[in-house]
Every structure is written in structure tokens, then in C-alpha cells.
Amino acid sequence: MKRSLGIKTILIRTNGQQRQGMAALLENGMAAKKVLVDPGLTVYQLPDGCTVELYCAGSCYPPYLFAHGDVVIGYRVHNLQQSMEELTASGGRMLGEVVDLSADNCYCFMEMNEGGVVGLYQLSAAVS
């Protein structure tokens, strides 16, 4: 599976009924594989490598994550610091902290100047 820049993850806050519909679409219509099930959170991986995280009652996430809507898109970037600076220059602001997963892998969430939230992910493995 080729790793590339662009959409890395889609985070969706759902209620129980929405979650069932999304799960059916992901599993049956999009050939997604369930890779994690926790209380209130189910994570799927699509054939192209993108992950979809379905949050519902019982899940734990930062209060800012869905402050502006029920969907957050996370993007894979070459350089997290540079991407953060570009968004800040256009009126965005940092939400929370940069989360370091390892020396070359980190992510953060930022609020856009119009109020939406995006995730930025810098991952070292074979970025093309």
C-alpha cells in the first residue's frame, strides 16, 4: 500500500443509529476492515490506507475535536511545523498540543479561521 500526502483519517461523531449505517457502508460498500473497537469508538481502514474513526456515546476525545461539527478530516503532511505555521499565518490556531508518537511521527489539531477543525499528521514511512 503506497503512503501518500492527502487525507489520512476521517473522524466522525455519530449517534447509535448513524453509527450502524456508517458501519454498514464502510464494511459492505467500501471494503473497509475493522481494526479497533473500544467503548464508543470503532476504527476502520479503507483499502487505500485511509482510516475512518466512528465516535459515539462512551468514547473519549478532547472537547475541541468536534466543537465545530461532527466531521474532522486529518491530512498527512511532509512537515508538521511548516504546515502549522502556514495555517497560523492564515488565521488558524493550535488546539491542544503536538502529540509525538516517535522521533519522526507526530500530529496535532488546528482550528481554521472559519471555525472548522483539521488534523495534521507527519508520518515518516515512505511519504511520496
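Residue 84 in my numbering is what sits at position 84 of the sequence shown, and the numbering runs on without skipping anything.
Beta carbons are placed, not taken as given, at the ideal position from N, Cα and C, and that holds for glycine.
Just so you know, these numbers come straight off a predicted model, no measurement behind them.
From the options, residue whose alpha carbon lies closest to that of residue i
i: residue 35; options: 22, 100, 45; result: 45
i: residue 76; options: 56, 64, 51, 94; result: 51
i: residue 32; options: 84, 90, 22; result: 22
i: residue 27; options: 39, 38, 43; result: 43
i: residue 53; options: 8, 111, 100; result: 8
i: residue 118; options: 58, 88, 105; result: 88
i: residue 96; options: 90, 104, 111, 105; result: 111
i: residue 105; options: 81, 92, 90; result: 81
Rounded straight-line distance, which links the Cα of residue j to that of residue i
i: residue 79; j: residue 109; result: 14 Å
i: residue 16; j: residue 113; result: 31 Å
i: residue 47; j: residue 25; result: 14 Å
i: residue 85; j: residue 73; result: 18 Å
i: residue 102; j: residue 49; result: 20 Å
i: residue 37; j: residue 107; result: 22 Å
i: residue 94; j: residue 100; result: 15 Å
i: residue 39; j: residue 6; result: 29 Å
Run of the beta strand (DSSP E) containing residue i, from where it starts to where it stops
i: residue 145; result: Any answer about residue 145 is impossible in this case: the structure gives the chain only from 1 up to 128.
i: residue 46; result: First-last for residue 46: undefined, no H or E at that position.
Contact belief for residue i with residue j at Cβ below 8 Å, rounded distance in angstroms
i: residue 66; j: residue 13; result: 5 Å
Pair within 8 Å by beta-carbon distance, residue i and residue j
i: residue 98; j: residue 10; result: no
i: residue 55; j: residue 64; result: no
i: residue 83; j: residue 120; result: yes
i: residue 115; j: residue 68; result: yes
Where the alpha helix (DSSP H) containing residue i begins and where it ends
i: residue 22; result: 16–24
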